[in-house]
Amino acid sequence: MPDIRTRFAPSPTGYMHIGNLHTALFEWLFARHHGGQFVLRIEDTDEARHTPEAVTVIYEGLRWLGLDWDEGPDVGGPYAPYIQSERVDIYRHYLARLLEQGLAYECFCTPEELEQQREALRARGLPPRYEGRCRRLSEREKAALRAVGRPACIRFRTPETGQTVIRDLIQGEVVYDNALLGDPVIGKTSGFPTYHFAVVVDDFEMRITHVIRAAEHLGNTQIHLLLQQALGFPSPQYAHLPLILGEDRSKLSKRHGAVSVMDYAERGFLPEAMFNFLALLGWSPGGTEEILSREEIIQRFTLEACSASPSVFDLTKAEWMNGEYMKAMSGEEIARRLLPYLQKQGLFEGNPAPERLAWLARVADLMKERAPLLTTFTTWARYFFTDDYPYDEKARKRWLTKPDTPQTLRALADRLEALGDWSAQSIEAEVRGLAEELGVSAGQVIHPCRAAVTGTTVGPSLFHLLELLAQQDVIHRLRRAADQFAEDLPAD
RNA sequence: GGCCCCAUAGUCUAGUGGUUAGGACUCCGCUCUUUCAAGGCGGCAGCACGGGUUCGAGUCCCGUUGGGGCCA
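Under the numbering used here, the very last position in the first sequence is 1418; numbers go up by exactly one each time.
Shown next as structure tokens:
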């Protein structure tokens, strides 16, 4: 296929939905697989609410996932401008042409009249579509309406008979009856085009070869195909992607909670994991491997392997996959990604020295096996960065409130204080030495120690964990816990 | 309400007329270890239903049901 061109055409609503990003990913993958171009176009004809910030949010989401565009508002391109509100003259030109040819007409019906018409249809049990009252107004009637200052919108004169066949690359052949279609508005009274018109004109003007979009637009394609015929445009190929659903199986939307792309970034997802996860939603590489690199995905991606059925966004599995990427990543790399999260929580200084970064990489290496998200480091592994961490329920119950725990912790603090070589090996020797001295199993020292120093009963190897903490901090934590829980014990 | 789409375990999926229906997440069990929220091993669980077509149907056709989307 020569010169494949796809586009991502979001509305600047001020936030970017994970479902939109999924669509963008597939459009991008198809273009990259074929060595074609991926175009970014901002569709802001609906409202006058296009703000620079809203467009920035879109850039941010695409960049986070690593989807680069070849043409767009910021980078320009041969078919600029790429913001619809700046293309109004182009739409007016085509609108005038349809009007001239009688393929579109002015409609003077007021919103109230339209509502009445719809009501009347509904009352008769018919679908509420525009009946075509203004279809055949004479020049005199039109002049009279204009004279009284009635604003007119422009409607597309759709065929009253026949069928429109969509040959969709994913959904197959879908047939719509033209008789069931009302005449859609294509030009608003404000002079702006509607979504349907702008899309058709832009996809033609920008030489889009493959319109890949979410399945919610499948029904709209009938209008688009008909408009292309009326305008004499060739039709692009269509591929309607299955929708992404929430846990309740309805279209993923704001009310499902965190759905904006940056919410996931904030939650500590790695973009490469999200890329992989999203790619596997509605597309399958065929084999049984699921962890695939970006290059492999690009190379193996085809529309034929896309499913037609919608899929539920499973956050649990996304977290698992993210964990897999964490495990495979170097401590240095994780440390680099981690920094902003830690700094935001006030757990790490700005502009850290190289040795601090190296220390963070060691922490990352120790923790990454059991960290599904980057934010795991600011929650579960908080104790690496501050003395201010909570003792969880299990830690209190199983170890800290045991009668002999304060003594054990103090004894351990004393031994560790005297330790000259602060290494995992020496620490282990001291811990085991104390257990022997007390005549208990090593676990009887290890567990209370972990509970006191980390506040939890779980985590990485205790000795390696302690090694990464400062000697005086560990001693302080041991004594602090000993004091606190000695007081809590009933005196006898 | 009308039109359209979809249907393999709770979830993501493989499967293109003949398979003990495969993999992954989740969950459960066992195991290793100083702990598990980590590792290893194992397990539960699925072709929505009813008719056809066919020697044979998860796979093709029709209907039903269920879910979803669009239209206003």
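Just so you know, even glycine gets a beta-carbon here, dropped at the ideal spot from N, CA and C.
Predicted model only: the values in this text are computed from it and were never measured.
Among the options, nearest to residue i - alpha-carbon criterion
{"i": "H1150", "options": "S1186, D1109 and R1181", "result": "D1109"}
{"i": "P1053", "options": "C1060, P936 and E1045", "result": "E1045"}
{"i": "Y1190", "options": "H1182, R1181 and M1200", "result": "M1200"}
{"i": "R1336", "options": "V1384, V1400 and G962", "result": "V1400"}
{"i": "D970", "options": "W954, T939 and G1385", "result": "T939"}
{"i": "E997", "options": "Y985, W990 and E979", "result": "Y985"}
{"i": "G962", "options": "L947, I1134, N1248 and L1241", "result": "I1134"}
{"i": "A1321", "options": "R1288, C1375, I1112 and L1292", "result": "C1375"}
{"i": "T1084", "options": "S1064, R1050 and L1157", "result": "L1157"}
{"i": "H1325", "options": "S1256, L1153, Q1027 and H1373", "result": "Just to set this straight, residue 1325 is Trp in the shown sequence, not His. If we check each option's Cα against that of W1325, H1373 comes out closest."}
{"i": "L1345", "options": "P1332, G1359 and Q1333", "result": "G1359"}
{"i": "F1195", "options": "W1209, S1349, M1247 and S1233", "result": "M1247"}
{"i": "V1111", "options": "L1265, L1040, F1389 and A1307", "result": "L1040"}
{"i": "Q1271", "options": "A1141, P1236 and Y1315", "result": "Y1315"}
{"i": "W1306", "options": "Q1269, S1237 and T1383", "result": "T1383"}
{"i": "A1140", "options": "V1127, L1178, P1119 and D1174", "result": "L1178"}
{"i": "R1013", "options": "E1281, V1126 and L988", "result": "V1126"}
{"i": "L947", "options": "R1288, Q1089, L991 and R1193", "result": "L991"}
{"i": "S1011", "options": "A1022, Q1269, P999 and R1403", "result": "P999"}
{"i": "L1264", "options": "L1395, T977 and E1192", "result": "E1192"}
{"i": "A1231", "options": "G1212, F1310 and D1015", "result": "G1212"}
{"i": "L1292", "options": "F1389, S1237, P978 and D972", "result": "F1389"}
{"i": "G1385", "options": "F1123, D972, S1233 and K1294", "result": "K1294"}
{"i": "Y1267", "options": "V1001, L1300, R933 and E1363", "result": "L1300"}
Near the ligand PLP: residue i beta-carbon under 6 Å from a heavy atom
{"i": "Q1397", "result": "The ligand content of the structure shown is nil, which means the ligand PLP is not present either."}
Per DSSP, cross-strand counterpart(s) of residue i
{"i": "I1009", "result": "I968"}
{"i": "I1138", "result": "A1165"}
{"i": "C1060", "result": "DSSP, once it has assigned bridges, lists no residue as partnering C1060."}
{"i": "E1099", "result": "R1093"}
{"i": "E1032", "result": "I1080"}
{"i": "H943", "result": "S1186"}
{"i": "P1119", "result": "G1113"}
{"i": "R933", "result": "V965"}
{"i": "E997", "result": "V965"}
{"i": "I1170", "result": "S1237"}
{"i": "K1177", "result": "L1171"}
{"i": "G987", "result": "In DSSP, G987 forms no bridge with anything."}
{"i": "G1002", "result": "G998"}
Cα-Cα separation between residue i and residue j, rounded to whole angstroms
{"i": "L1207", "j": "F1239", "result": "8 Å"}
{"i": "Q1225", "j": "I1260", "result": "27 Å"}
{"i": "Y1056", "j": "Y1121", "result": "17 Å"}
{"i": "T1228", "j": "F956", "result": "7 Å"}
{"i": "T1242", "j": "H1182", "result": "15 Å"}
{"i": "R931", "j": "Y1164", "result": "12 Å"}
{"i": "R1018", "j": "I1096", "result": "33 Å"}
{"i": "E868", "j": "S1256", "result": "Any property of residue 868 remains undetermined from this structure, which presents the chain solely from 927 to 1418."}
{"i": "I1170", "j": "T1115", "result": "35 Å"}
{"i": "N1104", "j": "R1081", "result": "15 Å"}
{"i": "D1409", "j": "M1252", "result": "38 Å"}
{"i": "A1377", "j": "A1339", "result": "14 Å"}
{"i": "N1277", "j": "Q1154", "result": "57 Å"}
{"i": "F1411", "j": "L1167", "result": "59 Å"}
{"i": "T949", "j": "A1049", "result": "39 Å"}
{"i": "D1418", "j": "P1329", "result": "Residue confidence for D1418 is low, a pLDDT of 44 falling below 50, so the modelled location carries little weight and cannot support an answer."}
{"i": "S1176", "j": "S1235", "result": "13 Å"}
{"i": "E1319", "j": "G1172", "result": "33 Å"}
{"i": "A1078", "j": "G1113", "result": "9 Å"}
{"i": "L1273", "j": "T1304", "result": "8 Å"}
{"i": "T1087", "j": "T1036", "result": "27 Å"}
{"i": "W995", "j": "T1380", "result": "46 Å"}
{"i": "K1323", "j": "M942", "result": "44 Å"}
Sequence-distant residues of its chain with Cβ nearer than 6 Å to residue i (five each side left out)
{"i": "A935", "result": "R967 and E969"}
{"i": "A980", "result": "P938 and G940"}
{"i": "F1130", "result": "F1159"}
{"i": "F1203", "result": "A1244 and M1247"}
{"i": "P1298", "result": "E1245, N1248 and G1249"}
{"i": "H959", "result": "I1224 and F1227"}
Residues near residue i in its chain [Cβ-Cβ closer than 8 Å; skip 5 each side]
{"i": "I1092", "result": "E1099, V1100, V1101, Y1102, L1144, T1147, Q1148, L1151 and Y1164"}
{"i": "E1393", "result": "W1348, S1349, A1350 and I1353"}
Spatial neighbours of residue i in its chain, beta-carbon cut-off 7 Å, leaving aside the 5 residues before and after
{"i": "W954", "result": "F964 and L993"}
{"i": "K1068", "result": "E1032"}
{"i": "S1237", "result": "P1168, I1170, L1171, L1207 and G1208"}
Report the residue ranges of all alpha helix (DSSP H) runs contained in full by the segment 1187-1243; include only those spanning at least 4 residues, in chain order.
1187-1192, 1197-1205 and 1220-1226
- Task: Pick out the complete alpha helix (DSSP H) segments inside the segment 1256-1333, 4 residues or longer, and give them in chain order.
- Result: 1257-1270 and 1280-1293
*asked:* So within the segment 1359-1413, which uninterrupted beta strand (DSSP E) runs reach at least 3 residues, ignoring any that extend past its ends?
replied: none
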